[in-house]
Amino acid sequence: GKLAGNVDIREHGSGNIGMTNVQRTVGTPVAVVVLFLDMGKAVLAVVVARIFFDSPGVDAAAALAVVVGHNWPVFIRFKGGKGIASGWGGLFVLSPIAGLVATLVGLPLIAFTRYVSLASISSAVLGSLALIILAALGHLPLAYIWFGAIGSVLVVARHRENIQRLLSGTERKLGQQAEAAL
-1 GKLAGNVDIR
9 EHGSGNIGMT
19 NVQRTVGTPV
29 AVVVLFLDMG
39 KAVLAVVVAR
49 IFFDSPGVDA
59 AAALAVVVGH
69 NWPVFIRFKG
79 GKGIASGWGG
89 LFVLSPIAGL
99 VATLVGLPLI
109 AFTRYVSLAS
119 ISSAVLGSLA
129 LIILAALGHL
139 PLAYIWFGAI
149 GSVLVVARHR
159 ENIQRLLSGT
169 ERKLGQQAEA
179 AL
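Numbered according to this note's numbering, the sequence shown spans residues -1 to 180.
Right under this line is the structure:
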């Protein structure tokens, strides 16, 4: 936000640093950059873990650490995003199939409902479920189950307010502009 018009994204819209608030506040081009940067940091963390440790447990821990760091960043008083893009990046590196499941769930939901939060929650849970099933069937390391289970719980927990707004019919749809953050 600050690079694209001197806007502190934490002071606008929902106050969240994630891609959806960036899109609503600053616009789609900047939101796409945020998406790729957030995904990229998880991809980088897992790739570095694989190079230096050669351990599926460390791979899963690296992906999970990025989600935790994104959601509760020390440098901005633990007020971060909701872990969708960073979790998606980690999921794709751990299992391209599970990442594809998340994508094939999320994109149509966004297209048809315009609720990014519904798509985010659904794709995180079903992508994680795909990861867990693949690991349980022996197609992936069992250590990846930890990323799937804990990661999806963290994503759902960070979307508590969105879930309440979805249930009450007050959740904003994609394309609705943000208001000033309180």
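Where is the CB? At the ideal position from N, CA and C, for every residue including glycine. These numbers were taken from a predicted model, which means no experiment stands behind them.
Give every residue of the same chain whose Cβ lies closer than 7 Å to the Cβ of residue i, excluding the five residues on either side of it in the sequence, and list them in chain order.
i, result
"Ile108", "Val114, Ala117 and Leu172"
"Asn160", "Ser115 and Glu169"
"Val56", "Ala47"
"Gly88", "Ala40, Val44, Ala61, Val64, Val65 and Phe145"
"Val151", "none"
In angstroms, rounded to a whole number, what distance separates the CA positions of residue i and residue j?
i, j, result
"Val41", "Leu92", "9 Å"
"Ala43", "Met37", "10 Å"
"Ala100", "Pro106", "11 Å"
"Gly29", "Arg112", "Reading the sequence as shown, one finds Ala at residue 29 and not Gly. Cα-Cα distance, rounded: 16 Å."
"Ala133", "Ser166", "37 Å"
"Val20", "Asn69", "15 Å"
"Arg163", "His157", "10 Å"
"Pro260", "Phe110", "Nothing can be reported for residue 260: it is not among the residues displayed for the chain, which extend from -1 to 180."
Leaving out the 5 sequence neighbours to the left and right, which residues in its chain are closer than 6 Å to residue i when beta-carbon positions are compared?
i, result
"Trp144", "Ala58"
"His137", "none"
"Ala83", "Met17, Leu33, Asp36 and Met37"
"Pro139", "Pro54"
"Leu135", "none"
"Gly97", "Leu89 and Phe90"
Kindly indicate which residue of the options has the alpha-carbon position closest to the one of residue i.
i, options, result
"Val32", "Lys77, Gly55, Trp70 and Gly81", "Gly81"
"Leu124", "Gln162, Ala147, Thr111 and Arg158", "Ala147"
"Phe76", "Ser84, Gly67 and Ala83", "Gly67"
Mind reading off the beta-carbon distance from residue i to residue j? Whole number of angstroms is fine, and I expect it under 8 Å.
i, j, result
"Gly13", "Arg22", "That belief does not hold up - the Cβ atoms of Gly13 and Arg22 are roughly 11 Å apart, past 8 Å."
"Ile15", "Gly79", "5 Å"
"Ala141", "Ile95", "That belief does not hold up - the Cβ atoms of Ala141 and Ile95 are roughly 17 Å apart, past 8 Å."
"Gly149", "Ser126", "6 Å"
Whose C-beta lies closer than 8 Å to the C-beta of residue i among residues of the same chain, with five residues either side of it excluded?
i, result
"Val154", "Ile119, Ala122, Val123 and Ile161"
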